[in-house]
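Going down the list, the sequences are from chains A and B.
Take any residue in the first sequence, count from 1 to its spot, add 276: that is its number in this note's numbering.
Take any residue in the second sequence, count from 1 to its spot, add 6: that is its number in this note's numbering.
We treat Cβ as the ideally placed atom computed from N, Cα and C, and that holds for glycine.
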Amino acid sequence: MISFVLRRLLSALPTIFIVVTVSFFLIRVAPGGPFDGESHIDPRILENLKRVYQLDQPLWMQYWLFLKNLAHGDLGPSFFFKDFTVAQLFAVSLPVSMENGAAALALALAFGISLGTVAALRQNHGVDHAVMGVATIGVTIPNFVVGPLLTLIFALGLSWLPAGGWNNGAFANRVLPVVTLALPQMAVIARLTRASLIEALRANHIRTLRALGLPTTTVTLHALRGALLPVVSYLGPAAANLMTGSVVVERIFGIPGVGRYFVDGALSRDYTLVMGTVILISVFVIVFNLIVDILYSFLDPRVRME
Amino acid sequence: MRFSHGTRALVLAAALAMGATTASAEMVLHRGNSGDPETLDPQKTSSVYEGNILRDLFEGLVIHSAAAKILPGVADSWTSSADGLTWTFKLKSNAKWSNGEPVTADDFVYSYRRMMDAATGSQYANMLFVIKNAEALNKGTGKPEDLGVEAVDAHTLKFTLSGPTPYFIELLAHQSSFPVYRGAIEKYGKDWIKPENFVSNGPFKLTENVPHDHITIIRNPAHYDAAKVKLDKVVYLPTEDRSAALRRFQAGELDMNDEVPTDQIKFIRQNMKDEFRPAPYLGTYYFVFNTKKPPFDDVRVRRALSLMVDREFLAEEIWGGTMLPGYSMVPEGTGSYGTPVWWSAKDKSPADREDEAMRLMKEAGFGPGGKTLKLEIRYNTSENHKKTSVALADMWKPLNVEVSLVNTDVKTHYAFLREHQPFDVARAGWIADYNDAQNFLFLAETATKSLNYSQYSNPEYDALMARAATEGDAAKRSATLHEAETILMRDEPYLVLMTYMSKQMVSKRLKGWEPNTLDYHPSRYLWLE
Numbered sequence: 277m278i279s280f281v282l283r284r285l286l287s288a289l290p291t292i293f294i295v296v297t298v299s300f301f302l303i304r305v306a307p308g309g310p311f312d313g314e315s316h317i318d319p320r321i322l323e324n325l326k327r328v329y330q331l332d333q334p335l336w337m338q339y340w341l342f343l344k345n346l347a348h349g350d351l352g353p354s355f356f357f358k359d360f361t362v363a364q365l366f367a368v369s370l371p372v373s374m375e376n377g378a379a380a381l382a383l384a385l386a387f388g389i390s391l392g393t394v395a396a397l398r399q400n401h402g403v404d405h406a407v408m409g410v411a412t413i414g415v416t417i418p419n420f421v422v423g424p425l426l427t428l429i430f431a432l433g434l435s436w437l438p439a440g441g442w443n444n445g446a447f448a449n450r451v452l453p454v455v456t457l458a459l460p461q462m463a464v465i466a467r468l469t470r471a472s473l474i475e476a477l478r479a480n481h482i483r484t485l486r487a488l489g490l491p492t493t494t495v496t497l498h499a500l501r502g503a504l505l506p507v508v509s510y511l512g513p514a515a516a517n518l519m520t521g522s523v524v525v526e527r528i529f530g531i532p533g534v535g536r537y538f539v540d541g542a543l544s545r546d547y548t549l550v551m552g553t554v555i556l557i558s559v560f561v562i563v564f565n566l567i568v569d570i571l572y573s574f575l576d577p578r579v580r581m582e
Numbered sequence: 007m008r009f010s011h012g013t014r015a016l017v018l019a020a021a022l023a024m025g026a027t028t029a030s031a032e033m034v035l036h037r038g039n040s041g042d043p044e045t046l047d048p049q050k051t052s053s054v055y056e057g058n059i060l061r062d063l064f065e066g067l068v069i070h071s072a073a074a075k076i077l078p079g080v081a082d083s084w085t086s087s088a089d090g091l092t093w094t095f096k097l098k099s100n101a102k103w104s105n106g107e108p109v110t111a112d113d114f115v116y117s118y119r120r121m122m123d124a125a126t127g128s129q130y131a132n133m134l135f136v137i138k139n140a141e142a143l144n145k146g147t148g149k150p151e152d153l154g155v156e157a158v159d160a161h162t163l164k165f166t167l168s169g170p171t172p173y174f175i176e177l178l179a180h181q182s183s184f185p186v187y188r189g190a191i192e193k194y195g196k197d198w199i200k201p202e203n204f205v206s207n208g209p210f211k212l213t214e215n216v217p218h219d220h221i222t223i224i225r226n227p228a229h230y231d232a233a234k235v236k237l238d239k240v241v242y243l244p245t246e247d248r249s250a251a252l253r254r255f256q257a258g259e260l261d262m263n264d265e266v267p268t269d270q271i272k273f274i275r276q277n278m279k280d281e282f283r284p285a286p287y288l289g290t291y292y293f294v295f296n297t298k299k300p301p302f303d304d305v306r307v308r309r310a311l312s313l314m315v316d317r318e319f320l321a322e323e324i325w326g327g328t329m330l331p332g333y334s335m336v337p338e339g340t341g342s343y344g345t346p347v348w349w350s351a352k353d354k355s356p357a358d359r360e361d362e363a364m365r366l367m368k369e370a371g372f373g374p375g376g377k378t379l380k381l382e383i384r385y386n387t388s389e390n391h392k393k394t395s396v397a398l399a400d401m402w403k404p405l406n407v408e409v410s411l412v413n414t415d416v417k418t419h420y421a422f423l424r425e426h427q428p429f430d431v432a433r434a435g436w437i438a439d440y441n442d443a444q445n446f447l448f449l450a451e452t453a454t455k456s457l458n459y460s461q462y463s464n465p466e467y468d469a470l471m472a473r474a475a476t477e478g479d480a481a482k483r484s485a486t487l488h489e490a491e492t493i494l495m496r497d498e499p500y501l502v503l504m505t506y507m508s509k510q511m512v513s514k515r516l517k518g519w520e521p522n523t524l525d526y527h528p529s530r531y532l533w534l535e
């Protein structure tokens with residue numbers, strides 16, 4: 277297994293290199309630079325700033341310098357947050373996003389799988405329609421609506437929870453953002469579970485179990501093992517996505533996560549920060565897809581690591 | 007998951023305990039700042055969001071009062087020579103850094119040399135190019151010792167300027183002129199800015215700085231005026247999402263915030279009219295004509311288009327009264343400028359304006375019956391800029407003008423304008439860096455180059471601005487600047503539409519807050535009841 281993991285990780289390196297190269301030149305194609313904006317800078321000063329930040333060098337040279345620093349594990353200083361390096365920004369924001377993402381994922385899994393199972397067992401009954409109805413709403417209402425709505429109800433209406441802010445990760449401040457993040461995932465997982473469980477319950481080996489007179493719980497658990505495969509493959513990208521933060525949720529709730537850096541970095545032409553987030557997200561996607569493949573081999577005897 | 011349930015319970019308990027002590031003893035102000043500060047380094051500063059925090063952390067030779075009037079700061083008094091070229095400041099003997107060390111004239115010399123050092127990458131260095139040899143030093147051709155800032159003794163600072171600058175004091179009040187502590191910078195290099203290494207000389211000092219989260223500052227007991235500062239702590243919270251900020255303000259999580267969501271302005275005016283405190287602001291909102299491109303090189307076309315614009319409608323209906331109709335390049339209430347030069351059609355009726363516009367367009371070969379004028383308006387992403395552009399298109403329709411709109415993000419937009427790429431009409435605006443009319447009028451000077459987006463070039467205007475720059479007599483200077491503005495409002499390379507307003511939300515509990523044209527509200531004057 278170790279050699280499998282190592283081989284997979286090594287084969288990911290060229291992928292990351294290509295992603296880095298394409299992103300580096302793409303963001304440079306975008307018009308304007310880190311120093312353009314509402315506060316107009318004197319041309320004499322602009323020239324000097326470009327020199328200080330090495331933006332006056334030819335692009336291939338900047339690319340080479342970037343790669344050289346990257347090889348030393350240095351993501352460089354942020355253009356926008358001038359008092360911080362990209363690594364320092366990530367050191368604070370990544371744990372925040374990962375914690376929130378993991379909590380949202382756990383919540384989504386627990387409720388999504390339970391609801392999906394209940395719906396599958398009661399196919400075409402009232403419960404099923406109710407669960408699927410709610411799930412459809414969960415998927416279709418975007419989180420920039422859900423977030424403010426939850427705030428209006430729980431913060432302004434009932435005054436149970438704060439309307440925003442991180443407050444150094446206090447539990448009360450995590451509730452609404454985590455729920456907002458979890459809801460659409462919960463809906464997708466419930467639908468996936470229901471669909472594949474319905475199919476699994478009709479499979480030959482499950483019918484055999486039923487014929488043997490085993491209790492429903494045991495039968496369902498056996499069916500779930502196979503039925504969860506689509507959920508697991510969905511989880512790879514979903515986990516990578518959740519743990520690298522959400523721009524919308526972080527902005528609405530004022531959370532210092534890593535998700536905002538991707539969009540803000542691009543908008544403020546913070547070249548180094550954009551590259552940092554690109555690398556970060558690539559690594560997450562690769563790692564979580566790897567984890568999914570490993571999980572698959574445990575869940576499905578037909579899949580082997582090689 | 008990083009936190010176990012045990013630690014989470016502990017965190018929660020600690021948070022509750024902290025909350026309890028906060029209520030009983032500490033006076034904490036929660037202040038919304040609608041943009042993230044890019045830096046807390048005075049010499050690298052570039053935005054108003056940084057200014058808010060830096061005015062609390064540092065203190066320059068002069069400071070602003072709660073009403074944004076200039077007061078003595080680290081300097082007790084100052085004199086200027088008859089020719090206006092030499093300025094001498096007497097420093098307070100009890101001014102101290104947050105580590106207890108005295109603030110000396112040398113600290114200021116060090117800070118100004120640092121500002122002009124090309125390697126620092128200061129964005130405001132050009133503002134103080136009036137100091138002798140400053141520009142050469144910033145270009146890398148001069149020596150730091152030649153810079154016209156000198157410590158005569160520990161508490162006497164002397165500036166030598168390259169030309170008389172009546173608004174010099176205003177420049178010194180800007181956040182880029184705040185002193186930095188040499189010891190910390192020499193010891194920690196770039197990391198001097200970290201809270202654990204940070205030394206400042208203002209009424210507050212830095213304890214925490216987490217991007218996108220909060221900046222916490224506490225009262226600096228070493229400050230000479232510490233006894234008068236009522237707040238124990240100020241927490242700056244970035245409030246980029248204006249709707250979210252409004253909800254947090256309603257929930258009592260913010261005591262003040264510097265922006266409102268304009269799409270909810272009716273709700274705010276109805277429900278929170280005592281807390282919403284808009285005030286005229288030193289900023290002009292305008293659209294730029296490309297005066298190098300026909301037919302916008304024709305003053306008749308520019309004037310005709312301008313005449314059709316209902317500025318009251320834009321300010322009231324589009325911007326929900328968060329702007330004032332604008333009739334002058336220099337906003338009313340700027341420095342000692344007095345009444346600005348009003349646009350000549352300000353008091354004309356809409357019918358008269360339209361008649362004149364029709365006549366001018368006809369003379370220029372356009373208008374109904376003439377050629378159709380096809381023009382493109384460029385604006386940067388914002389719901390209100392879009393609505394303003396659409397309104398302009400509608401107002402220009404009677405002149406047989408066909409408008410198309412191009413929207414780009416803010417960086418693309420300003421890079422396009424800076425590079426003088428071929429546009430017709432484009433949205434722009436200017437917020438004053440210092441409280442003087444020159445800071446608005448310089449925009450139309452030929453020498454302003456890339457910042458003069460209209461590429462307006464008028465030798466007469468340039469001559470007046472040059473004369474004003476070397477004029478030592480305040481009254482004569484003001485008259486010259488008025489002459490220049492008269493030309494600008496006649497030629498209209500900049501289509502002035504509105505004057506900005508500040509849009510503060512201020513809790514009823516917050517006292518000591520005063521509206522002012524700079525929108526400066528130093529925390530040292532504020533307290534909560």
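- Residues of the segment 42-59 of chain B that bring their beta carbon within less than 9 Å of a beta carbon in chain A comprise D42, P43, E44, T45, L46, D47, K50, S52, S53, V54, in sequence order.
- Listed by position along chain B, the residues whose Cβ is nearer than 9 Å to that of A/H316 are Y420, L423, R424, A434, W436, L449, S456, L457, Y459.
- Looking at the backbone, the Cα of B/G289 and that of A/G535 are separated by about 33 Å.
- Taking B/D261 as reference, the option from B/Q510, B/R530, B/E520 with the minimal CA-CA separation is B/Q510.
- By the neighbour-count definition (other C-beta atoms within 10 Å, threshold 16), A/T291 is an exposed residue.
- Distance check between A/G521 and each of A/V362, A/L381, A/R284 places A/L381 closest, using alpha-carbon atoms only.
- Scanning A/F529, A/V550, A/N376 for the CA closest to the CA of A/V539 turns up A/V550.
- For A/E475, the uninterrupted alpha helix (DSSP H) run begins and ends at 447-477, by DSSP.
- For the options B/K368, B/R188, B/D247, the alpha carbon positioned closest to that of A/G441 is the one of B/D247.
- Within the segment 374-402 of chain A, complete alpha helix (DSSP H) segments of at least 4 residues are not found at all.
- Comparing C-alpha distances from B/K145 to each of B/D152, B/M122, B/D159 shows the shortest one belongs to B/M122.
- Here B/L457 is near A/H316, since their CB atoms are less than 8 Å apart.
- One thing to note: A/P310 has its Cβ no nearer than 8 Å to the Cβ of A/F342.
- Annotation: the segment 435-511 of chain B contains no complete segment of the beta strand (DSSP E) (minimum length 3 residues).
- Going by DSSP, A/S287 is part of no beta strand (DSSP E) but of the alpha helix (DSSP H) stretching over 278-305.
- Think of a sphere of 8 Å around the beta carbon of B/R253: the chain A residues whose beta carbon falls inside it are P424, T427, L428, A431, L432, A439, G440, in chain order.
- DSSP links B/D159 through a beta bridge to B/T162.
- Nearest CB-CB separation between A/Y510 and chain B: not below the 8 Å threshold.
- In this structure, A/L477 lies near A/A396, with their beta-carbon atoms less than 8 Å apart.
- In the three-state scheme derived from DSSP, where H, G and I count as helix and E and B as strand, B/H391 is classed as helix.
- The segment 46-134 of chain B contains, as complete beta strand (DSSP E) runs of 3+ residues, the segments 68-70, 76-78, 81-86, 92-97 (chain order).
- At a Cβ-Cβ threshold of 8 Å, B/F95 and B/G208 do not count as neighbours.
- Comparing C-alpha distances from B/A111 to each of B/N522, B/W103, B/L97, B/M401 shows the shortest one belongs to B/L97.
- With respect to the 8 Å criterion, A/N517 and A/P460 are not classified as neighbours on the basis of their beta carbons.
- About 7 Å separates the beta carbons of B/I437 and B/Y506, which is inside the 8 Å limit, making them a contact pair.
- Put simply, the CB of A/V328 is near chain B, with a gap under 8 Å to one of its CB atoms.
- Excluding its 5 nearest sequence neighbours in each direction, A/V524 has C-beta neighbours in its own chain below 6 Å: N419, F420, listed in chain order.
- Cβ neighbours of A/F560 within its own chain (closer than 7 Å, five residues either side excluded): A516, M519, T520.
- With contacts defined as CB atoms closer than 8 Å, A/T548 and A/P353 qualify as a contacting pair.
- Between the C-alpha atoms of B/Y526 and B/T378 there is a straight-line separation of about 47 Å.
- For B/K211, the uninterrupted beta strand (DSSP E) segment begins and ends at 210-216.
- Under the three-pair Cβ rule at 8 Å, the segment 46-65 of chain B counts as touching the segment 196-206 of chain B.
- Under the three-state reduction of DSSP output, B/E382 falls in the strand class.
- For B/A321 and A/G349, the gap between their C-alpha atoms comes out near 52 Å.
- Between the beta-carbon of B/V68 and that of B/I175 there is about 6 Å, and that keeps the pair under the 8 Å contact cut.
- For B/Q181, no CB of chain A lies under 8 Å from its own CB, so it is not counted at the interface with that chain.
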